[in-house]
Amino acid sequence: MSTSAPVSRASVGLRSERGPILLALMVATALVAMDATIVATTVHTIVGEIGGREQYPWLFSVYMLTAAVTTPVYAKLADTLGRKPVIIFGILLFMVASVLCGVAWNMPALIVGRALQGLGGGAIMPISITIMGDIYSLAERAVAQGYVASVWAVSSVLGPTLGGLFSEFGIWRGVFFVNIPLCLMAVIFLARNFHENFVRTRHRIDIAGALLLSSALTLILLGVLEGGVAWEWLSLPSIGSFVVGIALLIAFVLVERRAAEPVLPIWVFRRPIITTGFILNFALGGLLIGYTAFVPSYLEGSLGVSPLIAGLALATLTIGWPIASTVSGRFYLKIGFRSTILIGSGLVFATSLGIAALSPTPNAWAIAAVLFCTGLGLGLTAVPSLIAVQSSVGWEERGVATGTVMLSRSLGQAVGAGVLGAVATLVLTSLADDPTSPAAVTLSSSAVFVGSAVIALVMLIAAVVFPRGDATGSGLGDTRATPVVDAIVDAD
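This note's numbering puts the first residue of the sequence shown at 37, with every later residue one more than the last.
#1: Give a yes or no on contact between the region 395 to 411 and the region 354 to 363, applying the rule of three or more CB pairs nearer than 8 Å.
#2: Can you tell me where the alpha helix (DSSP H) with Phe130 in it begins and where it stops?
#3: Can you tell which of Val148, Glu85, Met100 and Arg150 has its C-alpha closest to the C-alpha of Phe205?
#4: DSSP has Gly263 in a bridge; who is on the other side?
#5: Report buried or exposed for Glu432, applying the criterion of at least 16 other Cβ atoms within 10 angstroms of its Cβ.
#6: Kindly indicate the opening and closing residues of the alpha helix (DSSP H) around Asn215.
#7: Could you check the C-alpha separation between Gly337 and Ser274 for me, to the nearest Å?
#8: Once DSSP output is grouped into helix, strand and coil, what is the label at Glu292?
#9: Give the secondary structure of Glu232 by DSSP, where H, G and I count as helix, E and B as strand, and everything else as coil.
#10: Less than 8 Å between the beta carbons of Ala227 and Ile124, yes or no?
#11: Rounded to whole angstroms, how far is the Cβ of Met168 from the Cβ of Leu61, which I believe are closer than 8 Å?
#12: Name the two residues that bound the continuous alpha helix (DSSP H) containing Gly380.
#13: For Ile315, which residues from the same chain have a beta carbon less than 6 Å from its beta carbon, with the 5 sequence-adjacent residues on both sides left out?
#14: From which residue to which residue does the alpha helix (DSSP H) around Phe11 run?
#15: Tell me which residue opens and which closes the alpha helix (DSSP H) that Asp170 is part of.
#16: With distances taken Cα to Cα, identify the nearest neighbour of Gly347 among Leu247, Ala244, Pro396 and Pro196.
#17: So the candidates are Phe213, Leu257, Glu232 and Thr312; which of them puts its Cα closest to the Cα of Val500?
#18: Look at Phe318 and Leu416 and say whether their C-beta atoms are less than 8 Å apart.
#19: Suppose only complete runs of 4+ residues qualify. What are the alpha helix (DSSP H) ranges in the region 76 to 116, listed by chain order?
#20: From Met442, Ala402 and Phe288, pick the residue whose C-alpha is nearest to that of Leu339; which is it?
#21: Which residues bound the alpha helix (DSSP H) around Arg445?
#22: Between the region 473 to 489 and the region 278 to 295, do three or more beta carbon pairs fall short of 8 Å?
#23: DSSP three-state call for Thr472: helix, strand or coil?
#24: For Arg240, which residues in the same chain have their Cβ closer than 6 Å to its Cβ, ignoring the five residues on either side in sequence?
#25: Could you name the residues of the same chain whose beta carbon sits closer than 6 Å to that of Gly264, not counting the 5 residues immediately before and after it, in chain order?
#26: Report all residues from its chain with a CB closer than 7 Å to the CB of Val105; omit the five preceding and five following residues, and keep chain order.
#27: Look at the alpha carbon of Glu53 and the alpha carbon of Leu59, and state the distance between them as a whole number of angstroms.
#28: Once DSSP output is grouped into helix, strand and coil, what is the label at Leu253?
#29: Could you compute how far the alpha carbon of Gly149 sits from the alpha carbon of Ile371?
#30: The alpha helix (DSSP H) that contains Pro420, what's its start and end?
#31: Nearest to Ala111 by CA position, among Gly452, Leu443 and Leu456, is which residue?
#32: Going by beta-carbon coordinates alone, are Leu422 and Ile165 separated by less than 8 Å?
#33: With 16 other CB atoms within 10 Å as the buried threshold, where does Ser342 fall?
#34: Can you tell me whether Pro144 is buried or exposed, with buried defined as 16 or more other CB within 10 angstroms of its CB?
#35: Does Asp242 come out as helix, strand or coil in the three-state DSSP assignment?
#36: By the three-class DSSP mapping on this structure, what secondary structure does Arg51 have?
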């Protein structure tokens, strides 16, 4: 099938023969998309009931950590064992972990549950995207992506709304139990309708590589997330986390060079499109956490607006993103991946300068408007860069390639949270007056947004050096649906 041939929604949408699979992937995506927003709006209620105010940031950090370190492992398993068993395992683990979170009796128990949710979440998103790359051609993905993007748009509104309702009625545990029917729905649709013509052969699982990579990333991310929070940056625990983590990372590279089936092959970073995609999405993750983590507190602390208003201002970013993602397919099919990514990254950089310029004189409506444009830029960058990487490899490498890009985004969020958080703390602690005053919050947030603009510049540079390909993706690799996947819906 030519990638330039017109594709109708009837051949790709929910009523097509692959519709049940697309619906399952949309439901699986909703699990991850709603997770952060629905939990964030119930934190105050959770702390009020089970305590642990000092520990609650780990509800988010531990999820981010476990999801990030397991993504490359799941990606490799998807290439060796098949997509179906890996994603179903991830969804079921996420469901069991949601039950454990729902019955948690104290904050440590809830944190353990969130860690297990991250272990499941590490499989859901990258394998979902990989399956889309398998069952849809490049042109079809441009249409199918609109359906998945709509999930993020709905989740950006539905998540905070459900979280607020559960908190209002004092039933915060419902934010975790609501995952159960969604998980069951996704598993049933995948089990019944997604069939892989996968030839099972004997594989040598790279256990040593998986353990070394997971341990290295855990220690490095732990040092980034806890530096300046649980311990000083130059303290023994901080230095030890980075030194041991880097040492394990070096050992991992040495092991992977000799492994028969490495969990994260070194060739990934020898291919320019994957390397630039990694750098671009790493910066994208850092920029995203810079706004999602600091914009609400900036508006609340500087202007005294309610959490609802601050949340709505941030929601404009998550609304603009899926809108642009929906139409991004039309762009990259006509002008190519690189040009589309350049437009998106350029818009992100321009709006990041706008937020940095506006931050000394806070205005919620102005920030919301600029963030909407930022979301448009992110939507024109994230999806095309990922699909370009997928289109550059064959089926047997697509899981690893997709997982590498998703890993870079998770790492960028973790590192961005640590670095930008350190910038904010440094500015606040250097002030002589009250660090909680509107002036102090404005000054520290302005420093964070300047740092975010620097990250956006890195994104733009990566977009400039992104490998060229023609309007149909030629020169990047296979752009067709992979025949190894038989995505036929059962007649019964």
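Note that CB positions come from ideal geometry on N, CA and C, so glycine has one too.
By the coordinates alone:
#1: Contact annotation: the region 395 to 411 touches the region 354 to 363, with at least three C-beta pairs closer than 8 Å.
#2: Note, Phe130: alpha helix (DSSP H), Arg119 to Gly138.
#3: Taking only the C-alpha atoms, the option nearest Phe205 is Glu85.
#4: Paired residues: Trp267.
#5: When all chains shown are included, Glu432 counts as exposed.
#6: Annotation for Asn215: the continuous alpha helix (DSSP H) segment containing it runs Asn215 to Asn229.
#7: Their Cα atoms are separated by approximately 30 Å.
#8: Helix, per DSSP.
#9: Here Glu232 sits in strand by DSSP.
#10: Yes; because the gap between Cβ atoms is below 8 Å, this pair is in contact.
#11: The Cβ separation is near 6 Å, so the contact holds.
#12: Segment Phe373 to Leu394, the alpha helix (DSSP H) holding Gly380.
#13: In its chain, beyond the 5 residues on either side, Ala498 have a beta carbon closer than 6 Å to the beta carbon of Ile315.
#14: Residue 11 lies beyond the stretch modelled for the chain, which goes from 37 to 528, so this question has no answer here.
#15: Here the alpha helix (DSSP H) through Asp170 covers Met143 to Ile171.
#16: Residue nearest to Gly347 within the set Leu247, Ala244, Pro396 and Pro196 is Pro196 (criterion: CA-CA distance).
#17: Residue Thr312 is the option with its Cα nearest to Val500.
#18: For Phe318 and Leu416, no; Cβs fall outside 8 Å.
#19: Runs of the alpha helix (DSSP H) inside the region 76 to 116: 79 to 86.
#20: Ranking the options by Cα distance to Leu339, first place goes to Ala402.
#21: Its alpha helix (DSSP H) spans residues Trp431 to Thr465.
#22: No, the region 473 to 489 does not touch the region 278 to 295.
#23: Of the three classes helix, strand and coil, the one that applies to Thr472 here is coil, per DSSP.
#24: Ala296 and Glu297.
#25: Taking Gly264 as the centre and dropping the five residues before and after it, the same chain places the C-beta of Ala458 and Thr461 closer than 6 Å to its C-beta, in chain order.
#26: Short of 7 Å from the beta carbon of Val105, and not among the five residues preceding or following it, lie these beta carbons of its own chain, in chain order: Ser250, Leu253 and Thr254.
#27: Going from the Cα of Glu53 to the Cα of Leu59 covers about 11 Å.
#28: Correct three-state label for Leu253: helix.
#29: Cα to Cα, the separation comes out at about 45 Å.
#30: Going by DSSP, Pro420 is part of the alpha helix (DSSP H) stretching over Ala400 to Ser427.
#31: If we check each option's Cα against that of Ala111, Leu443 comes out closest.
#32: Here Leu422 is near Ile165, since their CB atoms are less than 8 Å apart.
#33: Classification for Ser342: exposed.
#34: Exposed, by the Cβ-count rule.
#35: Coil.
#36: Assigned with DSSP and collapsed to three states, Arg51 falls in coil, not helix or strand.
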